[in-house]
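Scroll down for the structure; my scribbles are underneath it.
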Amino acid sequence: MLGIGALAACVSAAALAQATGQASGSEVYTCIDRNGRRITSDRFIPECGDREQRVLDASGAERRRIGPALSEHERSAQEAERRKRAQVKAQELADRRAERVLITRYPDEAAHRAERQSALSQVDDAIAMARGRISQLQADRKKLDQELEFYNGALAKAPVRLQRAFSDNDQAVEEQERFILARQQEKKRINERFDEELAKLRVLWAQQQAAQEALSPTSAKP
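Shown next, in the form of C-alpha coordinates:
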(Lines of atoms letter the chains of each structure in order from A and count residues from 1; the text may use other names and numbers.)
(Lines give C-alpha, C1' and ligand atoms only; values in the text may rest on other atoms or scores of the structure.)
Protein backbone atom coordinates (compact mmCIF):
# COMPACT_ATOMS: atom_id res chain seq x y z
CA MET A 1 0.00 0.00 0.00
CA LEU A 2 1.07 3.57 -0.64
CA GLY A 3 1.95 5.65 2.39
CA ILE A 4 0.03 8.78 3.15
CA GLY A 5 2.83 10.98 1.73
CA ALA A 6 3.09 9.02 -1.53
CA LEU A 7 -0.69 8.95 -1.92
CA ALA A 8 -0.87 12.69 -1.35
CA ALA A 9 1.87 13.24 -3.96
CA CYS A 10 -0.03 11.22 -6.56
CA VAL A 11 -3.25 13.09 -5.80
CA SER A 12 -1.38 16.39 -6.05
CA ALA A 13 0.19 15.42 -9.39
CA ALA A 14 -3.19 14.34 -10.74
CA ALA A 15 -4.77 17.59 -9.60
CA LEU A 16 -2.05 19.61 -11.33
CA ALA A 17 -2.47 17.63 -14.52
CA GLN A 18 -6.22 18.32 -14.50
CA ALA A 19 -5.60 22.00 -13.82
CA THR A 20 -3.14 22.38 -16.70
CA GLY A 21 -5.45 20.87 -19.30
CA GLN A 22 -7.78 17.97 -19.90
CA ALA A 23 -6.50 17.10 -23.38
CA SER A 24 -5.96 13.39 -23.82
CA GLY A 25 -2.29 13.94 -24.67
CA SER A 26 -1.40 16.03 -21.57
CA GLU A 27 1.31 14.66 -19.27
CA VAL A 28 2.63 15.49 -15.84
CA TYR A 29 6.25 14.89 -14.84
CA THR A 30 7.06 14.43 -11.19
CA CYS A 31 10.24 13.63 -9.26
CA ILE A 32 12.18 14.28 -6.08
CA ASP A 33 15.33 16.29 -6.68
CA ARG A 34 18.69 15.80 -4.98
CA ASN A 35 17.59 18.11 -2.14
CA GLY A 36 14.53 15.99 -1.38
CA ARG A 37 12.17 18.51 -2.93
CA ARG A 38 9.25 17.14 -4.94
CA ILE A 39 8.90 18.85 -8.32
CA THR A 40 5.94 18.58 -10.67
CA SER A 41 5.84 19.99 -14.18
CA ASP A 42 4.11 19.62 -17.52
CA ARG A 43 7.43 18.84 -19.20
CA PHE A 44 10.72 17.08 -18.56
CA ILE A 45 12.29 18.37 -15.34
CA PRO A 46 15.96 19.37 -15.85
CA GLU A 47 16.59 19.43 -12.09
CA CYS A 48 15.89 15.68 -12.04
CA GLY A 49 17.90 14.83 -15.11
CA ASP A 50 20.18 12.67 -12.97
CA ARG A 51 17.35 10.63 -11.41
CA GLU A 52 14.11 8.85 -12.20
CA GLN A 53 11.03 10.84 -13.22
CA ARG A 54 7.45 9.57 -13.27
CA VAL A 55 5.17 10.56 -16.14
CA LEU A 56 1.46 10.70 -15.24
CA ASP A 57 -1.57 11.18 -17.45
CA ALA A 58 -4.37 13.67 -16.80
CA SER A 59 -6.06 11.28 -14.37
CA GLY A 60 -2.91 10.82 -12.30
CA ALA A 61 -2.20 7.29 -13.58
CA GLU A 62 1.42 6.50 -14.27
CA ARG A 63 2.16 6.21 -17.98
CA ARG A 64 5.86 5.48 -17.79
CA ARG A 65 9.04 6.21 -15.95
CA ILE A 66 12.08 7.99 -17.31
CA GLY A 67 15.34 6.78 -15.84
CA PRO A 68 18.32 9.00 -15.10
CA ALA A 69 19.31 10.82 -18.24
CA LEU A 70 22.88 9.61 -17.96
CA SER A 71 25.06 7.92 -15.41
CA GLU A 72 28.05 9.80 -14.03
CA HIS A 73 30.33 7.90 -16.39
CA GLU A 74 28.03 8.53 -19.33
CA ARG A 75 27.80 12.22 -18.51
CA SER A 76 31.59 12.44 -18.32
CA ALA A 77 31.92 10.67 -21.66
CA GLN A 78 29.27 12.91 -23.20
CA GLU A 79 30.95 16.03 -21.86
CA ALA A 80 34.30 14.86 -23.22
CA GLU A 81 32.70 14.27 -26.61
CA ARG A 82 31.03 17.68 -26.46
CA ARG A 83 34.37 19.35 -25.70
CA LYS A 84 35.98 17.43 -28.53
CA ARG A 85 33.31 18.57 -30.99
CA ALA A 86 33.68 22.14 -29.73
CA GLN A 87 37.44 21.99 -30.22
CA VAL A 88 37.03 20.62 -33.74
CA LYS A 89 34.54 23.36 -34.58
CA ALA A 90 36.81 26.03 -33.08
CA GLN A 91 39.74 24.69 -35.11
CA GLU A 92 37.65 24.73 -38.27
CA LEU A 93 36.69 28.35 -37.63
CA ALA A 94 40.34 29.22 -36.95
CA ASP A 95 41.36 27.50 -40.19
CA ARG A 96 38.74 29.47 -42.14
CA ARG A 97 39.97 32.74 -40.62
CA ALA A 98 43.57 31.82 -41.44
CA GLU A 99 42.56 31.05 -45.03
CA ARG A 100 40.84 34.42 -45.37
CA VAL A 101 43.93 36.18 -44.02
CA LEU A 102 46.17 34.18 -46.36
CA ILE A 103 44.23 34.89 -49.54
CA THR A 104 43.90 38.57 -48.60
CA ARG A 105 47.64 38.85 -48.08
CA TYR A 106 48.46 36.95 -51.27
CA PRO A 107 45.83 37.69 -53.93
CA ASP A 108 47.91 35.93 -56.58
CA GLU A 109 50.99 33.73 -57.01
CA ALA A 110 53.21 36.68 -57.95
CA ALA A 111 52.59 38.30 -54.56
CA HIS A 112 53.40 35.07 -52.76
CA ARG A 113 56.56 34.53 -54.81
CA ALA A 114 57.75 38.07 -54.06
CA GLU A 115 57.23 37.53 -50.34
CA ARG A 116 59.22 34.28 -50.47
CA GLN A 117 62.07 35.97 -52.29
CA SER A 118 62.11 38.81 -49.77
CA ALA A 119 62.28 36.40 -46.83
CA LEU A 120 65.06 34.36 -48.43
CA SER A 121 66.97 37.50 -49.40
CA GLN A 122 67.15 38.65 -45.79
CA VAL A 123 68.65 35.32 -44.76
CA ASP A 124 71.07 35.39 -47.70
CA ASP A 125 72.24 38.84 -46.59
CA ALA A 126 72.95 37.50 -43.11
CA ILE A 127 74.88 34.56 -44.58
CA ALA A 128 76.90 36.90 -46.79
CA MET A 129 77.87 38.99 -43.77
CA ALA A 130 78.96 35.87 -41.90
CA ARG A 131 81.06 34.72 -44.84
CA GLY A 132 82.62 38.17 -45.01
CA ARG A 133 83.49 37.86 -41.34
CA ILE A 134 85.11 34.47 -42.00
CA SER A 135 87.20 36.00 -44.79
CA GLN A 136 88.43 38.65 -42.37
CA LEU A 137 89.23 36.00 -39.78
CA GLN A 138 91.17 34.02 -42.37
CA ALA A 139 93.20 37.13 -43.18
CA ASP A 140 93.89 37.58 -39.47
CA ARG A 141 94.93 33.93 -39.30
CA LYS A 142 97.56 34.45 -41.99
CA LYS A 143 99.07 37.26 -39.96
CA LEU A 144 99.14 35.01 -36.91
CA ASP A 145 100.82 32.25 -38.96
CA GLN A 146 103.49 34.71 -40.07
CA GLU A 147 104.11 35.75 -36.48
CA LEU A 148 104.30 32.09 -35.45
CA GLU A 149 107.12 31.49 -37.94
CA PHE A 150 109.37 33.39 -35.55
CA TYR A 151 108.89 30.45 -33.16
CA ASN A 152 109.53 27.88 -35.91
CA GLY A 153 105.80 27.20 -36.22
CA ALA A 154 105.64 25.67 -32.75
CA LEU A 155 102.54 27.12 -31.08
CA ALA A 156 103.51 25.56 -27.76
CA LYS A 157 106.68 27.71 -27.75
CA ALA A 158 104.81 30.89 -28.63
CA PRO A 159 103.79 33.44 -26.00
CA VAL A 160 100.47 33.00 -24.24
CA ARG A 161 99.18 36.09 -26.04
CA LEU A 162 99.78 34.47 -29.43
CA GLN A 163 98.35 31.14 -28.33
CA ARG A 164 95.20 32.90 -27.14
CA ALA A 165 94.95 34.78 -30.43
CA PHE A 166 95.00 31.50 -32.36
CA SER A 167 92.34 30.02 -30.07
CA ASP A 168 90.11 33.09 -30.36
CA ASN A 169 90.43 33.04 -34.12
CA ASP A 170 89.47 29.36 -34.33
CA GLN A 171 86.45 29.90 -32.06
CA ALA A 172 85.30 32.92 -34.04
CA VAL A 173 85.46 30.98 -37.31
CA GLU A 174 83.52 28.08 -35.78
CA GLU A 175 80.91 30.50 -34.47
CA GLN A 176 80.38 32.01 -37.92
CA GLU A 177 80.18 28.55 -39.50
CA ARG A 178 77.50 27.54 -36.99
CA PHE A 179 75.65 30.75 -37.76
CA ILE A 180 75.75 30.02 -41.49
CA LEU A 181 74.50 26.47 -40.93
CA ALA A 182 71.61 27.77 -38.82
CA ARG A 183 70.66 30.30 -41.50
CA GLN A 184 70.76 27.60 -44.18
CA GLN A 185 68.38 25.52 -42.07
CA GLU A 186 66.21 28.62 -41.69
CA LYS A 187 66.08 28.96 -45.48
CA LYS A 188 64.90 25.37 -45.69
CA ARG A 189 62.13 26.06 -43.18
CA ILE A 190 61.12 29.21 -45.07
CA ASN A 191 60.85 27.30 -48.34
CA GLU A 192 58.86 24.53 -46.67
CA ARG A 193 56.46 27.08 -45.17
CA PHE A 194 55.98 28.89 -48.45
CA ASP A 195 55.53 25.59 -50.30
CA GLU A 196 52.81 24.59 -47.83
CA GLU A 197 51.15 27.99 -48.16
CA LEU A 198 51.31 27.84 -51.94
CA ALA A 199 49.56 24.47 -52.01
CA LYS A 200 46.73 25.90 -49.87
CA LEU A 201 46.59 29.12 -51.86
CA ARG A 202 46.25 27.35 -55.19
CA VAL A 203 43.14 25.63 -53.87
CA LEU A 204 41.79 28.91 -52.46
CA TRP A 205 42.54 30.83 -55.65
CA ALA A 206 40.75 28.17 -57.69
CA GLN A 207 37.73 28.31 -55.37
CA GLN A 208 37.71 32.10 -55.53
CA GLN A 209 37.92 32.04 -59.32
CA ALA A 210 35.10 29.52 -59.56
CA ALA A 211 32.92 31.65 -57.26
CA GLN A 212 33.59 34.77 -59.32
CA GLU A 213 32.76 32.96 -62.54
CA ALA A 214 29.54 31.66 -61.01
CA LEU A 215 28.50 35.21 -60.12
CA SER A 216 29.47 36.67 -63.49
CA PRO A 217 26.60 37.06 -66.00
CA THR A 218 26.83 34.52 -68.78
CA SER A 219 26.77 35.64 -72.38
CA ALA A 220 23.44 35.06 -74.01
CA LYS A 221 23.55 32.46 -76.70
CA PRO A 222 22.33 33.58 -80.15
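First residue of the sequence shown? That's 1270 in this note's numbering, and the numbers climb one at a time after it.
Cβ atoms here follow ideal geometry from the backbone N, Cα and C, with glycine treated the same way.
- Counting along the chain, L1424 sits inside no alpha helix (DSSP H), nor does DSSP assign it H or E at all.
- Between the stretch 1467-1483 and the stretch 1355-1372 there are three or more C-beta pairs closer than 8 Å, enough to call the two in contact.
- The way I'd put it, the stretch 1443-1457 does touch the stretch 1394-1402; three or more beta-carbon pairs between them come closer than 8 Å.
- Rounded to whole angstroms, the gap between the alpha carbons of T1299 and A1355 is 33 Å.
- Sequence-distant partners of A1330 (beyond 5 residues in either direction) whose C-beta falls short of 6 Å from its own C-beta are missing from its chain.
- Selection A1346, S1404, G1318, V1297 evaluated against L1325 yields V1297 as nearest (Cα-Cα).
- Remark: three or more beta-carbon pairs, one from each stretch, lie closer than 8 Å, so the stretch 1402-1421 and the stretch 1433-1440 are flagged as touching.
- Between V1392 and E1455, the C-beta spacing is below 8 Å.
- Exposed is the label assigned to F1419, since fewer than 16 other Cβ atoms lie within 10 Å of its Cβ.
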